[in-house]
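So the protein sequences, as listed, match chains A and B. If you count the first sequence from 1, position 28 lands on 28 in the UniProt record's numbering, and the numbers rise without skipping. If you count the second sequence from 1, position 366 lands on 366 in the UniProt record's numbering, and the numbers rise without skipping. Written below as structure tokens is the structure these notes are about.
Protein chains: 2
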Amino acid sequence: MADEKKFVKEITPQSEDFSRWYIDVIRKGDLMDYTPVRGCIVFKPDGFELWERIQEAMDRRFKETGHRNAYFPMLIPESFLQKEKEHVEGFNPELPWVTEAAGEKLEERLALRPTSETMIGHMYSQWIHSHRDLPVLINQWANVFRWEKRTMPFLRTSEFLWQEGHTAHATEGEARQETMQMLEIYREVVEQVLAIPVWKGQKTPSERFAGAVETYSIEAMMKDGKAVQAGTSHYLGENFAKGFDIKFLDRDNQLKYVHTTSWGTSTRLIGSMIMVHGDDRGLALPPRVAPTQVVMIPVGPVKLREKVMERFDPLFDDLQAAGVRVRADLREETPGWKFNEWEMRGVPLRLEIGPRDVDKGEVVLARRDTGEKMAVAIDQAVEKIGELLEEIQENMFQKALSFRNDHSHLHINTLEELKGHITRAEKEAKVAGWVLAGWCGEDACESKVKEETKFTSRNIPFEPPVTKETCIACGQKAQHTVWFSRAY
Amino acid sequence: MADEKKFVKEITPQSEDFSRWYIDVIRKGDLMDYTPVRGCIVFKPDGFELWERIQEAMDRRFKETGHRNAYFPMLIPESFLQKEKEHVEGFNPELPWVTEAAGEKLEERLALRPTSETMIGHMYSQWIHSHRDLPVLINQWANVFRWEKRTMPFLRTSEFLWQEGHTAHATEGEARQETMQMLEIYREVVEQVLAIPVWKGQKTPSERFAGAVETYSIEAMMKDGKAVQAGTSHYLGENFAKGFDIKFLDRDNQLKYVHTTSWGTSTRLIGSMIMVHGDDRGLALPPRVAPTQVVMIPVGPVKLREKVMERFDPLFDDLQAAGVRVRADLREETPGWKFNEWEMRGVPLRLEIGPRDVDKGEVVLARRDTGEKMAVAIDQAVEKIGELLEEIQENMFQKALSFRNDHSHLHINTLEELKGHITRAEKEAKVAGWVLAGWCGEDACESKVKEETKFTSRNIPFEPPVTKETCIACGQKAQHTVWFSRAY
């Protein structure tokens, strides 16, 4: 036990080293483990359950909007990847290849899918012939591979889990509408379920998905001020339709290319959630995704435990019956040790009952988000807990929103000002955050910002808090107002 | 349309060529498609939805029995596979290998997992130290690869989807109990949800999972009399614990190896369900898994359609509100064409409404399983449909059970009798079915049966309908009563 107590104490403070803090909390929170395969992690049960709840929330909304799930082969023939030029250039450097199987060398190498536009494009070309075959609205839950140099658990791993939607439409308008609809679903799930505020917006051309006409994203701010691209939705135009010859006979008897979209979110959402809500005491999980929403801990002298358990057990059953994900910690450790442990694991609410609480007909509730403790009449506990879980969910979103707003800088207008801001933040060990900047639209200006500050364009928000007039790099008239920041 | 009408007519009769019948119905039923990757198929939405319902039914039961989901890397280092001798011998011939990634040759080849005992064994050795860490009860939903020579959609594909449970226990007794518990869950889901009767039993040593101490299975009879192993549960003893050094400090302060189990079911259940229930008219899907449970079709002259739709639309809404998976077919095709189409797709119930039905306040219901048609008062339709779906589910199970019993031969006692039986069946173009036979326990006798008849041992049923006294091959005293048949 002594060891484990030390573990809890050993979480590196965020202010000291955010990356080490992150690794500490996900390991001590038992969410993942490293494996001997380069960049591949195990999603342990508590980590995987977060993904299951994200899946549930996403999948329901996909189906409500008419999408159905399917499953396509993981292995992609090399020749498929070649069919869309930008696509292969974008993904080729990161691909793992199967070159032999069942004792024989393969005639053509097979890539482990980095994404499935090519395989699905090929199949759609077989399935789509007439306007009556459209739209095709399919999603896939799958593992994907990107053999990247630097990996980070959940945020960037060689193998990760995701969903990828792939749709085909008769018209550009309908495909563009689909792209926006799915981006909005992503925003809704990420804000409402994961309590992470995001900016919806358009990626600049340099940050587009390889092969897309337009890429849209939702972008979230971590507690170190860096950004995570939390979901993307692409309007692919006719690019893949041309590469894979996906044509249909329209009502006007003309043979036309379909317009396709694709959209994805992945297990990096787990990492984002941790970096948005966690603190120096450990994980902090929003009630809607927390594997355990309430942990019940009996307190007081062991010789009075029986008396406590007489109230403890029925309350546990009542909470479970009310659909609360409740867990009882009846281990031998001290209450204090358990409090630390469950705080570290991010459980939103702790419930304590001791002999004196029983006498008073009360229980004590402690919130992970605010640290607040309160006594509640035992016969009102179930109702109160339901309310508190909602309140915590909302409060966690509001806290994240305040943090984001506090670290979003709207009045930096030149590269010099930006550099000064970054230098100041570094000197004072403060979070540099995001900067809203004007951009003339030239790649060169975007590159200049990146080279000189490591800030990259996140997206061009649909509804920027202010509109910028001049390009941060060249001072010319701005065409766009863009979020810039460091990013994962 | 003419084309599609022809398609329906073109289902090869089961009696003519069962394999061709199978391919016809899964393609025309839109469940799958072939791909250019050898032995890999697309699970199309209607096929994948069957898998989603199986997943739902399994996953709920896994969780109710204390298991949690996790996710382990798909790529397995070659050295891991070497650690359990029988295991590597069993799987090595079927493995695809990643040999290069991101432009570089890998130092060690990585196999695409055929199953995950080795990767999970390695991780468990890191996680398990004390008796307090036990039991570990983890399941994984994943894609797996077995590069086999002969493939068949759903039943045997190079890539398939499955769940694999992996548990570790302090004692042999507990591990054996787990093995049996999971086998019983498989039986329950396959019988109650897929309406497929199965025999629970033990595999003979020659048919054991590579590396297991004991393998248990549920075995189902297809309509061509062949068997499908529909699920397996393995007691692995200390084999993998020794290979991967999974030890724990027990209460008695002794360092001991854990006892592990593994158990799996896969997308081959989809294929089994089709081969158990389908007929010459096409698919027949049990209501509990059918993507569409009721298809509603308006009939009668188009000029009276409006009158029909006044009753049609509210009934559709009522059924949906009652949780029935209902679909309306309002296409322009003739009712007769639609009837064929939905019969072919295996929808359990068809609902027709025409103008005369409206006058009488009735609807007509037609059952896929019996062909029976009945008029039902429209205001009782929702209730009646709920009852009928239950009835159809039960009837499909009973039909499959009768078929199985009719083709299970209990009184064949010698190899000569078995050969005679098979020859007779072939001559009369009848289903040879299964044979319950005595077995002395010698591998040589089991092999002899296989070589001379192509009948392989399926399992040693826990509760055989009769007990056999002598070995079918050598005539010596039987140690076991075994199901033999041809198998997929």
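Backbone N, C-alpha and C fix where the C-beta goes; we use that ideal spot for every residue, glycine too. Owing to the predicted nature of the structure, the values given are computational and were not obtained by experimental measurement.
- For the pair K373/B and R350/B, the Cα-to-Cα distance works out to about 9 Å.
- The bridge partners DSSP lists for G201/B are S217/B and P461/B.
- R146/B and R109/A have their C-alpha atoms some 17 Å from each other.
- Remark: C-beta atoms of V435/A and F462/A do not approach each other more closely than 8 Å.
- In this model, I392/B and D357/B are separated by some 24 Å (Cα to Cα).
- Residue contact with chain B for F43/A: present (Cβ-Cβ distance below 8 Å to some residue of chain B).
- Contacts with chain B (Cβ-Cβ distance below 7 Å) from the stretch 135-164 of chain A involve I138, N143, W147, E159 and L161, listed in chain order.
- Counting along the chain, T265/B sits inside no alpha helix (DSSP H); it lies in the beta strand (DSSP E) bounded by residues H259 to S266.
- DSSP places L155/A in the coil class of the three-state scheme, outside both helix and strand.
- Q229/B sits in a strand when the DSSP states are folded into three classes.
- Residues of chain B whose Cβ lies closer than 8 Å to the Cβ of W97/A are, in chain order, V98, T99, E100 and A101.
- For E341/A, the number of other beta carbons within 10 angstroms of its own is at least 16, and it is reported as buried.
- Y22/A and M275/A have their alpha carbons spaced roughly 7 Å apart.
- In this structure, M74/A lies near E159/B, with their beta-carbon atoms less than 8 Å apart.
- Between the alpha carbons of A142/B and W141/A lies a distance of about 10 Å.
- In this structure, the alpha-carbon of H277/B lies about 53 Å from that of M222/A.
- Beta-bridge partners of M374/B (DSSP): L365/B.
- Between E84/A and T115/A, the CB-CB gap reaches or exceeds 8 Å.
- For chain A, the residues of the stretch 110-135 of chain B that bring a beta carbon within less than 8 Å of one of its beta carbons are L110, L112, M119, H122, M123, Q126 and W127, in chain order.
- The stretch 117-135 of chain A makes no contact with the stretch 56-70 of chain B; the number of CB pairs closer than 8 Å stays below 3.
- Listed in chain order, the positions of the stretch 228-253 of chain B with a beta carbon within less than 8 Å of a beta carbon of chain A would be empty, since no residue qualifies.
- Under the rule that a run must span 4 or more residues, the alpha helix (DSSP H) segments found entirely inside the stretch 102-135 of chain B read 117-127.
- Cβ proximity to chain B below 7 Å picks out R68, N69, A70, Y71, F72, P73, M74, L75 and P77 from the stretch 56-86 of chain A.
- According to DSSP, residue pairing for V144/B in a beta bridge involves F160/B.
- Boundaries around E352/B are those of the beta strand (DSSP E), L349 to I353, since no alpha helix (DSSP H) includes it.
- For V37/A, the nearest beta carbon of chain B is closer than 8 Å to its own beta carbon.
- Residue ranges of uninterrupted alpha helix (DSSP H) with 4 or more members, entirely inside the stretch 305-348 of chain A and ordered along the chain, are 305-321 and 335-344.
- Looking at the DSSP output, R68/A bridges to I138/A.
- The Cβ-Cβ distance between I76/A and A400/A does not fall below 8 Å.
- One Cα belongs to E446/B, the other to R367/B, and the distance between them is close to 44 Å.
- Around C471/A, no beta-carbon contact reaches into chain B at under 9 Å, the shortest distance being about 36 Å.
- Cβ contact annotation for E352/B (same chain, cutoff 6 Å, sequence separation greater than five): I297, V299 and V364, in chain order.
- Beta-bridge analysis with DSSP links M32/B to F43/B.
- The residue among R113/B, E104/B and K105/B with its C-alpha nearest the C-alpha of A101/A is R113/B.
- Contacts between E49/B and chain A, judged by CB atoms closer than 8 Å, involve R68 and N69 in chain order.
- The Cβ-Cβ distance between N69/A and P93/B does not fall below 8 Å.
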